[in-house]
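A short write-up of the structure that comes next.
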Amino acid sequence: MMKKISFQDLPRLFREISETQTLIAPIEKCGQVNFGVWTPDSTLRLDALKTVKSAKGAFFPQVEDIVHFRMKDKTIDIHPAEVLTEDFVIFGVRACDARSFELLDRVFLADPVDPFYAARRKHGTVVTLACNQPEETCFCTNFGIDAADPCGDVTAWMDRDTLYLRANTEKGEALISRLENGEEAPVEDLKKSIGEILKKLPLNDLNLTGFDGDHLMEKFNDPKWEELARGCLGCGTCTFVCPTCQCYDVRDFDAGENGIQRYRCWDSCMFSDFTLMAHGTNRPTQTERFRQRFMHKLVYFPAKNEGLYSCVGCGRCLEKCPQSIHIVNVIKSLGVKEDD
Amino acid sequence: MSVNKEWTPNIVAFCCNWCSYAGADLAGSGRMNYPANVKIIRIPCSCRLNPMFVLRAFQRGADGVILCGCHPGDCHYSTGNYYARRRMTVLFSLLDFMGIERGRTRVEWVSAAEGAKFAATMNDFVKTVTELGENKKLGDLRCKK
Amino acid sequence: MSLTNKVTAEDILRISGVDASRCMQCGKCSGACPNYDEMDYHPHQFAAMVRKGKITELMESKALYQCLSCFACSQRCPRGVEPAKLIEAVRLSVIRQKGKNYMTADALPEKLDEKIPQQALVSAMRKYSK
Amino acid sequence: MQKIGVFVCWCGSNIAATVDVKAVAEALKDEAGVVFSTDYQYMCSENGQAMIRQAIKDYGLTGIVVCSCSPRMHEATFRKTAVSAGLNPYMVEIANIREQCSWIHKDMAEGTEKAIVLARAAVAKLHRNAPLTAGTSPVTKRALVIGGGIAGIQTALDVADAGFEVDIVEKSPTIGGRMAQLDKTFPTLDCSACILTPKMVEAAQHEKINIISYAELESLSGFVGNFTATIRKKARYIDEDKCSGCGVCTEKCPSRKGLDDFNMRLNKRGAVYIPFAQAIPNVAVIDADQCIHFRTGKCGLCQKNCSAGAIDFEQKDQLIERQYGAIVVATGFKPIDASQFNEYAYNDSPDVVTSLEFERIMNAAGPTKGQLVRPSDLEHPHEIVFIQCVGSRCSEDAEKGKPYCSKICCMYTAKHAMLVREKYPDVNVHVFYIDARTPGKNFDEFYRRAVEQYGVDYIKGMVGKVSVEGKKLHVQGSDLLNGEQVHINADMVVLATAIEPDPTARSLGTMLTASMDTNDFFTEAHPKLRPVESPTAGVFLSGVAQGPKDIPETVAQAGAAAAKVIGLLAKNELTCNACVAHANEAVCNGCSQCERVCPYGAITYEDREIRTPEFRGVRRIATVNEAVCQGCGACTVTCPSGAMDLKGFTNRQIMSEVDAICR
Amino acid sequence: MQEMIVNRLRELLASGDYAGVIGWSKGETPFDRTPGLFTEKDLDRLCYDSFCGSNLSKYLIANAKDKKVIALLKPCDCYSFNQMCTEHRIQRENVYVIGVGCKGKIDGEKIRNGGIKGITGVSEEGDLLKIETLYGEKEISRKDVLLDKCLSCKGKEHKCADEVIGESEDTSVGNKYELVEKLDAMTPEERFEFWRGELSKCIRCNACRNACPACSCIKCVFDNPKSGVENKAAADDFEENLFHIIRAYHVAGRCTDCGECSRACPQGIPLHLLNRKIIKDINELYGDYQAGEEIGQRHPLTDFTFEDDEPSVVERRGGGK
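Below is the structure:
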């Protein structure tokens, strides 16, 4: 059942939600839009197509405590961190980010289940938002994502001054059931106009043929990696803005009297100390690290997940890489050429 | 041991081995009083003070950091304190630029003969930092008691 | 002569910019002085007496007006004391006392001496008469 | 993981009165790594040390923390204790709970709490300590003495007598220096040449001494025990080995325009000359600027007349490179230029002379054969005025002159006055002085003899002006004691000019990285306790190069410097400072920033083969010369990658202390 | 200009003396300019135009190690190049520097932030940019979308070029310390809030550091587990401050003010202001100094004079309240 709410009334709805649970939404801070906890003072930016960081942080935060140790005399107290027990809502997730949650589920909810991630997924309600104005860097269509009708517990559409919402799950239903009923027609119109634009996106027709487990060694040994990676600075921008990157590192912080805090934090396969072991690193050059990232997204992951690519075409890496090196370059360079 | 008492600042004093550490010793031999919350770390020369140590101290709960070294011209290594002087000037200015209270950092030249100056400097620095209150801007929440 | 204001060594230091305590009493100033014999106090004594605060004696001395301000003493002084400036400072202290007129045109002829430069007399008149 | 023992000292009641030492020892027991903790009345006592040794053995301690007085007091003691129990001396940390705790706090609770924190900081640091071994470097058993005056000669003789090779580098054609120019010496009035020349000969004949005359230090590298010097031996155009010093060439030389430096340029000499009769080496030298052969290509009379065939117009400067273990600076002095003091008419009359010129005039081997005559007309003078402190004791900001007392002038002036009066009782001698400074054995007696026995007219006061009046010099000065101005019509005026370091000292100081004061005297390592050492290790100071002094003092200091040199050369190797900087080659960028701030030039770079998991190949790496590094740490902070660290005070050690103190 | 450059490169590469050219190629979107090493056969991919804003000097560390290469450097990039030569990170003799003319580079981000979305093509017509988008054509003045670093342009001179191709223009506008001064004039509380706001956006992607030509350490202290301060993510506000303070301090005296840190930052943090504050301090306290002006300079923090100000000068000088 379609529901609706005018933009004018949106703050009221947000206030209501935030009274009982944490509400996460795209918020502008110091000129940049990122998902953050909404408060009545926040600058809500539902119009922003791409937050700098993806929405994955709501379920897989950049830094997260996992356990605490404390020396007492000469014994050690161990306190595992508590998993989330409170509900929250993440509002305004775009289709690409929404798909990324499914990809992350395959990692974190597979055995052994990650309790922290699982708890967040259980308590989180995802409200997605259709993309009225997709951009030239968007290429989600290649991965079967419909930016006109994203998934999630609730799907929302912005039309002039009204937000239309449709619950897709019980969690979603519970969130919006009290809203006024809305019409289907404007939404259908929106879907149609978005669909038109989506068809015109310049990066629509990426040829992903050959990016699969069968061609693993062929891709791995492709001589083009070196030149592709030459400009790579080895920073973690692409991985940290990426909705599907899921690597993390586990670190300890010695807080003196307060004991030792063990936490996990996002890691990047672009970093020189990624999977660093006692003997050193197994990917000593940036080319190898670079190859790892794309082999994972385009070959290893689909090989293990029924052909599902670990990329949702959000295009953040296209916009944010300081040297304009990204997955589209890789797909085009290593992939099958149209005229082949 | 620490019974409920009013807040006092935690001060880290880096002292060069040749002048200021000896100056602090002289303050001790002269039984000159300065607050117990000043704790001295011995470094070979004021030029050994890495800005990292200053920030580390603030992170771990220091409310003020002071560097004491030989008077310019008297450095045991002849030039160390000249480098320290520039380094600390640039660092302090940067901290100030980031909004950290100016009074929390200080450099003072104390010779081995200046026990009284050492004690007076510490008393004054503790007073300044006490007025500034707790270091909230550069602390690490994880290290707070 | 009665002085209306007490002049101290600090006043002289302030006026002259000369630190008399730097004097080591070598006497080179007095050795260089061309009018030594006419003076009751000699350049090196100015330095010594200013240091001791005996300004009143100097202010009442004849030497103040015997000094030619030729600056030989200042030029020779190895320690930068510049006695000529000290003497000048004492002189100025006298002038700054109120109500005194030290030199009149009537007194001029008896002071005339072929060895004294005309210019010295002119500047003396300018300074010491009202 | 370290096994740490903590030893809390009471220091009688010095610590125990304001610090609950038992509570400290008890609290430290809970620290990670601490396996033993105790307290004792006097840890530094033999019993206390025995307790530490026992605990090291019983508990297999890997390191100890002593909570006691300042490490400046007993760190060395406890390090020795640790060594005797088999521990590395650098596995000892001292928590200063006396000077920096018990003595400054009155409240027991406060003092105890602070003592615990200080002890914890020491434990935290100790966890990061590593055993350190001081490196060693070999010692080249040869000394270089720069300057062949009495200071250099004496140092060389003393060092050579101890059995070490010594090279004397002398910039003029002969050794002997200023002392060779003197007539008599105070206060004994014995003949300067008579006591100096035997020493010169002794040096020349000493099998361990090698005199390199007419030579200067060109460059120097290396460090204590291992200096490499390049010495430029200037071409003297005479083959030293062939020349017999017969002097025929000097007589035959037709050029007579050169001024005789040895005689203070009071007379002329030939273009080929031997500085003085007892010169060592007794070899001629050709002054190329004066020599007709060098100017016109003709003449060559000397060559024709030299039976030894020693004249070599083709001779070139020669560079000698040699290793030394120690360097002694004995560059001496020169009198300041008197021409800047024209109030004494130095520029206007040849009869106004400096004391050193007067010395030559009085010398039997001098230009007047020891006859006291006026330089202008060679007539016998009747009135002589001596002026003291010419250019000495001037204020720091004076346009001319030196701020210091030149120390020797009072005495040599008394000597001159006395000599004149003794030889020529008809001559009236007046001395203008500011203060007569005569501290020294038999010095004041000497001065009094001049006044009382020889009737020298001492006038307290200074000369204001000397003017030339006909053949006379009109001296106008003040007599401060009598309160009068004095006018003397003198025949001669002698200026006791200040002495200043030899002009070559400044550049030498730079070459040796030996520090100097604003007057260009070399600075001693400590003004009281290390007066003959330069702060630069391996460089020693002898004679006036360090500050004004007379002959006996110079000889004494020369001997002291020699003793220091012998002490150094007697070692086969030097133990270096153990707390030195070290560059971690795995992360060194080779960026040269550390090199720029090192005050000792201890850091050099080398292309080194690196094998890390990330990198294999050759990289530019900083290398610290451990024999030179003094451990200041300037390099460690300038290193952005943290490759440069200081042993004993590593980044992590200091940060551990910070953590412990702040926690 | 691109044609002139490519023709000249063809000549140079034909000599066989050089392993390639460090330059840019065009990418997928209209703004993408990717650095690469180009050999004779792929010179046609090389591109030099108004979007080549990135500073390529740092690539010479890795790419001119044991071979000779040609580098295309803009006037501002030359300072970084010289500084790295000073620090022996680049062997000067291994690089043939072609100074390429620069009249200011365009910031794609600024065009997007100006509300122009779905950009599919950009063309330059004099001072005007014509922009094709999915939603129609737009126009924007070139001056309005220059990279921030171009607004504090250091001039048109190439300080290290072996030869220069093309004209340059000084695009500096106004006082480059304007923002620093504005911050200086605030109260410490305001300054603290400003930096907290900005730095709280930091995601520790290290783009600033890795793009920075002064941050050329083989291993950064923050990546080195043995340094005791290694840190992968800011788990506390302090660590955000620490990273950026120490980074600014480590490049103090060496930073040429090339602006790559701010250009690279995905969160738009004005990191260059920290460096610029230090530069301003150094200039005012120790005399004007431009890092990278020439090879072999001794930077002010590895130097001193006896008369330097005491650190307490910080309390007296500058604005602030």
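Chains as they are written, first to last, in my numbering: chain A, 1 to 340; chain X, 341 to 485; chain H, 486 to 615; chain B, 616 to 1278; chain C, 1279 to 1599. Using N, Cα and C, we set each Cβ at its ideal position, and we do this for glycine too.
Tell me the rounded alpha-carbon separation between residue i and residue j.
{"i": "residue 340(A)", "j": "residue 211(A)", "result": "Here residue 340(A) scores only 47 on pLDDT, less than 50, and its place in the model should not be relied on; the value that follows carries that caveat. Roughly 15 Å separates the two Cα atoms."}
{"i": "residue 1556(C)", "j": "residue 1577(C)", "result": "13 Å"}
{"i": "residue 342(X)", "j": "residue 642(B)", "result": "At residue 342(X), the pLDDT of 44 sits below 50, so the modelled position is not reliable and the matter cannot be decided from this model."}
{"i": "residue 474(X)", "j": "residue 69(A)", "result": "27 Å"}
{"i": "residue 879(B)", "j": "residue 866(B)", "result": "20 Å"}
{"i": "residue 358(X)", "j": "residue 385(X)", "result": "7 Å"}
{"i": "residue 1527(C)", "j": "residue 1333(C)", "result": "21 Å"}
{"i": "residue 515(H)", "j": "residue 773(B)", "result": "50 Å"}
{"i": "residue 1212(B)", "j": "residue 387(X)", "result": "10 Å"}
{"i": "residue 382(X)", "j": "residue 736(B)", "result": "11 Å"}
{"i": "residue 254(A)", "j": "residue 391(X)", "result": "20 Å"}
{"i": "residue 486(H)", "j": "residue 952(B)", "result": "Bear in mind that a pLDDT of 44 at residue 486(H), under 50, signals an unreliable position, so the model cannot answer this."}
{"i": "residue 660(B)", "j": "residue 412(X)", "result": "39 Å"}
{"i": "residue 979(B)", "j": "residue 986(B)", "result": "7 Å"}
{"i": "residue 1598(C)", "j": "residue 432(X)", "result": "Interpretation of residue 1598(C) is limited by its pLDDT of 49, a score under 50 that renders its predicted location unreliable; the figure taken from the coordinates is listed afterwards. Between residue 1598(C) and residue 432(X), the C-alpha separation is close to 14 Å."}
Are the beta-carbon atoms of residue i and residue j separated by less than 7 Å?
{"i": "residue 1196(B)", "j": "residue 1156(B)", "result": "no"}
{"i": "residue 678(B)", "j": "residue 617(B)", "result": "yes"}
{"i": "residue 1064(B)", "j": "residue 934(B)", "result": "no"}
{"i": "residue 297(A)", "j": "residue 311(A)", "result": "yes"}
{"i": "residue 511(H)", "j": "residue 1049(B)", "result": "yes"}
{"i": "residue 80(A)", "j": "residue 51(A)", "result": "no"}
{"i": "residue 781(B)", "j": "residue 619(B)", "result": "no"}
{"i": "residue 1290(C)", "j": "residue 1348(C)", "result": "yes"}
Based on the DSSP secondary-structure assignment, which residues constitute the bridge partners of residue i?
{"i": "residue 1068(B)", "result": "Partner(s): none; residue 1068(B) has no beta bridge."}
{"i": "residue 197(A)", "result": "Paired residues: none, contrary to the question."}
{"i": "residue 261(A)", "result": "68(A) and 253(A)"}
{"i": "residue 1221(B)", "result": "1236(B)"}
{"i": "residue 1189(B)", "result": "752(B)"}
{"i": "residue 164(A)", "result": "4(A) and 157(A)"}
{"i": "residue 1441(C)", "result": "1376(C)"}
{"i": "residue 559(H)", "result": "Bridge partners of residue 559(H): none, in fact."}
{"i": "residue 1091(B)", "result": "1080(B) and 1102(B)"}
Please report the Cβ distance between residue i and residue j, rounded to the nearest whole angstrom; I am assuming they are in contact, meaning their Cβ atoms lie under 8 Å.
{"i": "residue 1218(B)", "j": "residue 1237(B)", "result": "5 Å"}
{"i": "residue 786(B)", "j": "residue 1119(B)", "result": "7 Å"}
{"i": "residue 1000(B)", "j": "residue 1090(B)", "result": "5 Å"}
{"i": "residue 895(B)", "j": "residue 783(B)", "result": "Between residue 783(B) and residue 895(B) the Cβ distance is about 10 Å, and since that is not below 8 Å, they are no contact."}
{"i": "residue 1256(B)", "j": "residue 1408(C)", "result": "Actually they do not touch by this definition, with Cβ atoms about 47 Å apart."}
Quick check: the segment 100-116 of chain A against the segment 276-285 of chain A, are there 3 or more CB pairs under 8 Å? no
Three or more C-beta pairs closer than 8 Å, one from the segment 156-170 of chain A and one from the segment 1411-1422 of chain C: is that the case here? no
With contact counted as at least three CB pairs below 8 Å, one residue from each stretch, are the segment 1057-1073 of chain B and the segment 1036-1049 of chain B in contact? yes
Using 8 Å as the Cβ pair cut-off and three pairs as the minimum, do the segment 602-612 of chain H and the segment 522-541 of chain H touch? no
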